[in-house]
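Residue numbers (our numbering), protein chains in the order written: chain H, 1 to 225; chain R, 1 to 225.
Quick reminder that beta carbons are idealized off the backbone N, C-alpha and C, glycines included.
Shown next, in structure tokens, is the structure this report addresses.
There are 2 protein chains.
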Amino acid sequence: MHQFQYQYEYPHPAVSTDIVIFTIQDEQLKVLLIRRLSEPFKDGWALPGGFVGIDEDLEQAALRELQEETGITGVYLEQLYTFGRPERDPRERVITVAYYSLVPIDRLSLGAGSDARALGWFDCEALPELAFDHQKIVSKAKQRLTAKLDYSTIALQFMPSKFTLSELQRVYEIIHGGPLDKRNFRKRIQAYDCMEDTGEVRRNGSHRPARLYTLKSPGQVEIVK
Amino acid sequence: MHQFQYQYEYPHPAVSTDIVIFTIQDEQLKVLLIRRLSEPFKDGWALPGGFVGIDEDLEQAALRELQEETGITGVYLEQLYTFGRPERDPRERVITVAYYSLVPIDRLSLGAGSDARALGWFDCEALPELAFDHQKIVSKAKQRLTAKLDYSTIALQFMPSKFTLSELQRVYEIIHGGPLDKRNFRKRIQAYDCMEDTGEVRRNGSHRPARLYTLKSPGQVEIVK
DNA sequence: GCAGCTTAGTGTATTTAGTACACTAAAAGC
DNA sequence: GCTTTTAGTGTACTAAATACACTAAGCTGC
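Quick look at the structure:
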């Protein structure tokens with residue numbers, strides 16, 4: 001019987017990571033949730049995440065859990081906050097290091113191998129009851145995202161490889177929570193000097209087609225303003 | 001023999017808190033360090049901090065360690081970042097949740113009960129070698145502090161209960177790392193509308209005395225701009 | 001007691017950044 | 001070819017940030 005083979009002189013908490021994945025879909029800011037397969041909160045919705053391996057870096061653990069539970073890979077994670085209220089998990093003391101990330105609209109294939117019933121994108125404004133203190137984690141992540149909208153280029157992480165300026169403006173409006181002036185918006189984006197005209201256009205209905213832009217350095221977003 | 005009485009089915013890391021306490025002294029931004037009494041890094045300098053109790057809140061643990069190791073109480077802590085590189089502690093896996101705080105110039109009595117050889121204030125620009133990854137923690141804290149100077153009233157936390165505007169300006173200049181225009185600075189501070197004239201003055205040499213100001217709500221600093 | 005030194009305290013003009021706002025361009029549908 | 005729909009563009013105004021220089025008050029030393 002190897003059930004309790006790890007022994008310590010002092011009590012140790014468990015450490016986990018939880019990941020808030022945002023995307024924009026159907027004109028809404030959405031969060032990726034998974035259905036819990038076990039107690040506690042069995043069959044309830046929760047953030048993807050899990051325990052950190054004893055020799056595993058925190059961010060690495062978050063990336064691994066994300067891959068295992070959702071199939072998502074290759075995202076840029078940013079540490080959000082560490083939640084450690086003693087009663088936040090009924091099983092044992094669990095301290096969780098929360099991360100968040102933004103994935104582009106076109107990359108949110110919850111692809112092959114993922115059980116459709118076990119995963120879902122939920123509108124931030126209409127989340128179901130969440131397990132543990134995950135509601136708090138999502139709130140904090142949303143707050144951080146909203147704040148960063150004003151002084152960084154974080155929102156560009158939502159964009160697919162080619163996009164129109166109107167699409168980008170919609171993304172800003174959805175996060176910001178209100179309409180933006182088209183000319184002022186374009187002036188601001190232009191000042192960032194971080195995207196270029198592909199020369200291509202998108203035809204999209206019975207009206208003038210829109211120019212397609214692409215990020216100059218897709219990885220290196222986040223420049224402050 | 002109770003040496004390994006805590007047993008778990010899976011390996012658990014240890015969790016600690018470390019606290020970066022800033023103050024301004026001798027025209028320098030200083031950090032509070034303690035001398036380590038035990039291995040590893042015995043006799044080396046380190047941040048105050050220690051292990052989190054199994055039923056203890058993270059912030060509570062930080063406050064307790066701070067009290068125990070430095071005698072400092074009643075400060076407002078803000079969570080900074082969680083450091084978890086697997087090799088950051090040679091003994092075992094230790095994940096540390098770092099906090100930071102600013103203490104007023106006049107409150108930095110490392111008072112009664114503290115061993116003078118075991119505690120020291122160090123200029124941020126001339127830190128000794130630090131234990132573990134504490135150098136990284138201090139860097140991140142300083143970076144956060146510098147950033148917050150521009151969009152919050154965080155620096156007011158450095159001020160004693162009564163202070164002059166020139167003293168406040170010096171504090172800003174020290175953190176900012178360069179001179180500020182006196183009139184523009186005063187205009188900015190006035191706009192915060194968070195301090196009031198006590199009516200008293202400070203005589204301080206062979207020149208015109210300066211008015212003493214006090215914070216309107218000493219706790220509630222941090223209003224963003 | 002006044003001349004000289006030192007820091008405290010004050011306002012305005014200029015520049016820059018942000019905001020408000022309305023028309024023309026291009027394609028598709030009829 | 002006319003209507004509809006979204007794309008794309010510039011300027012005038014307002015607010016915020018910056019640059020900048022003198023007077024006020026107390027102390028010191030003669």
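Check, Outcome
"Per-residue DSSP class, three states only, for D150 (chain R)", "helix"
"Close-in-space but distant-in-sequence residues of the same chain around T73 (chain R) (CB under 7 Å, 5 per side omitted)", "Q67"
"Selection of the region 55 to 84 of chain H by Cβ proximity to chain R, strictly under 8 Å", "D55, E56, D57, L58, Q79, Y81, T82 and G84"
"Distance between Q5 (chain R) and A147 (chain R) (C-alpha atoms, nearest Å)", "45 Å"
"Residues that DSSP places opposite Q7 (chain R) in a beta bridge", "H:Q7"
"Contact set between F240 (chain H) and chain R, taken where Cβ atoms lie within less than 8 Å", "Look at the range of chain H in this structure, 1 to 225, and you will see that residue 240 (chain H) is not part of it."
"C-alpha distance - L47 (chain H) paired with P160 (chain R), whole-angstrom precision", "44 Å"
"Within chain R, partners of R93 (chain H) - CB distance below 8 Å", "I54 and D55"
"Interface flag, S139 (chain R) vs chain H, CB-CB below 9 Å", "no"
"Neighbour-count burial assignment, K30 (chain H), 16 or more Cβ in a 10 Å radius", "buried"
"Distance CB(A126 (chain R))-CB(P40 (chain R)) smaller than 9 Å", "no"
"CB contact check: V15 (chain R) to chain H, cutoff 9 Å", "yes"
"Chain H contact residues for V97 (chain R), given Cβ-Cβ distances below 8 Å", "T82, G84 and I95"
"Check whether S152 (chain R) and A210 (chain R) have beta carbons under 9 Å apart", "no"
"Best match in H:C194, H:V94 and H:G205 for proximity to V224 (chain H) [C-alpha to C-alpha]", "H:C194"
"Complete runs of the beta strand (DSSP E) confined to the region 68 to 135 of chain H [at least 3 residues]", "78 to 83, 94 to 102 and 119 to 123"
"E9 (chain H) classed as buried or exposed, judged by whether at least 16 other C-beta atoms fall within 10 angstroms", "exposed"
"Simplified DSSP assignment, three categories, for R144 (chain R)", "helix"
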